[in-house]
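Student: The numbering used here applies: residue 8 is where the sequence shown begins, and numbers increase by one. Built from N, CA and C at the ideal position, the CB exists for glycine as well.
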Amino acid sequence: MKALIAVAVIAAPVLAAAAAGRAVAVLHAAPGGKVEGTVWFEPAAGGVKVKAKVTGLAPGTHGFHIHEFGDCSTADFASAGGHFNPMAQPHGAPQASARHVGDLGNIEAGADGVASLEWTDTQLAFEGHHGILGRAVIVHAKADDLKTQPTGDAGGRLACGVIGTAKTP
Ligand code: CU
Ligand code: ZN
8 MKALIAVAVI AAPVLAAAAA GRAVAVLHAA PGGKVEGTVW FEPAAGGVKV
58 KAKVTGLAPG THGFHIHEFG DCSTADFASA GGHFNPMAQP HGAPQASARH
108 VGDLGNIEAG ADGVASLEWT DTQLAFEGHH GILGRAVIVH AKADDLKTQP
158 TGDAGGRLAC GVIGTAKTP
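1) Once the 5 residues before and after H137 are set aside, which same chain residues still bring their CB inside 7 Å of it?
2) Could you check whether the Cβ of G159 sits closer than 7 Å to any heavy atom belonging to the ligand ZN?
3) Is P101 buried or exposed, if buried means 16 or more other CB atoms sit within 10 Å of its CB?
4) Flag this pair as yes or no: are the beta carbons of K56 and T127 separated by less than 8 Å?
5) Can you grab the Cα-Cα spacing for the pair A23 / A118, in whole Å?
6) Go through its chain and collect everything with a Cβ distance to G226's Cβ below 7 Å, but skip five positions before and after it.
7) With 16 other CB atoms within 10 Å as the buried threshold, where does G159 fall?
8) Residue range of the beta strand (DSSP E) that A36 falls in?
9) Between which two residues does the beta strand (DSSP E) containing F48 stretch?
10) When you measure from the CB of D152 to every non-hydrogen atom of the ligand ZN, does any distance come out below 7 Å?
11) By Cβ distance, which residues of its chain are closer than 6 Å to I139, with the 5 residues on each side in sequence left out?
12) Closer than 7 Å: is that where the CB of H69 sits relative to any heavy atom of the ligand ZN?
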């Protein structure tokens, strides 16, 4: 019994370190669409660093969220559910204290249709109640106005990707 306890105490920090690696979502376009991209999630001081590059967009602002289910199986990506909201909060801006955990705001595409984002988020986590693994990143047709409940009025879903565990570099 003593030996078992010792093993558990030693093993726990090792497991925690492994779980705090990297994650990635490869965004696939809806049928007939051309919006694609890659979103990386990395541990960072004070939260999780989100690094995204999305191509094939109409120039302008597009809602960008983590949705509850890692299910991009339906053509309209409705299968991904609503915004990931484990704390039962209202929709809001990524900087707001009251927001869905999945509320990452907007990405901004230039004239070339490419949007890049780098943002360290204080609410995302790789495990536990705020855990994002196995959920989905969605890019929307319209801007997230950061206030309309519960969606930000961001319109249709152009691209979807499931957040999976990535190899730690
Ligand atoms: Cu969304
Ligand atoms: Zn939201």
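Tutor: By the coordinates alone:
1) Taken in chain order, the residues that qualify are P93, V108, Q130 and L131.
2) Within the cutoff, so yes.
3) That one is buried.
4) Closer than 8 Å, so yes.
5) Because A23 carries a pLDDT of 45, less than 50, the predicted location of this residue cannot be relied on, and the following value inherits that uncertainty. A direct Cα-to-Cα measurement between A23 and A118 gives close to 43 Å.
6) Outside the shown range of the chain (8 to 176) lies residue 226, about which nothing can therefore be said.
7) With 16 or more other Cβ atoms within 10 Å, it is buried.
8) Taken as a continuous stretch (DSSP letters only), the beta strand (DSSP E) holding A36 covers R29 to A36.
9) Residues E43 to A51.
10) Not one heavy atom of the ligand ZN lies closer than 7 Å to the C-beta of D152.
11) So the qualifying residues of the chain are I73, L131 and I170.
12) Incorrect: H69 has no Cβ contact closer than 7 Å to the ligand ZN.
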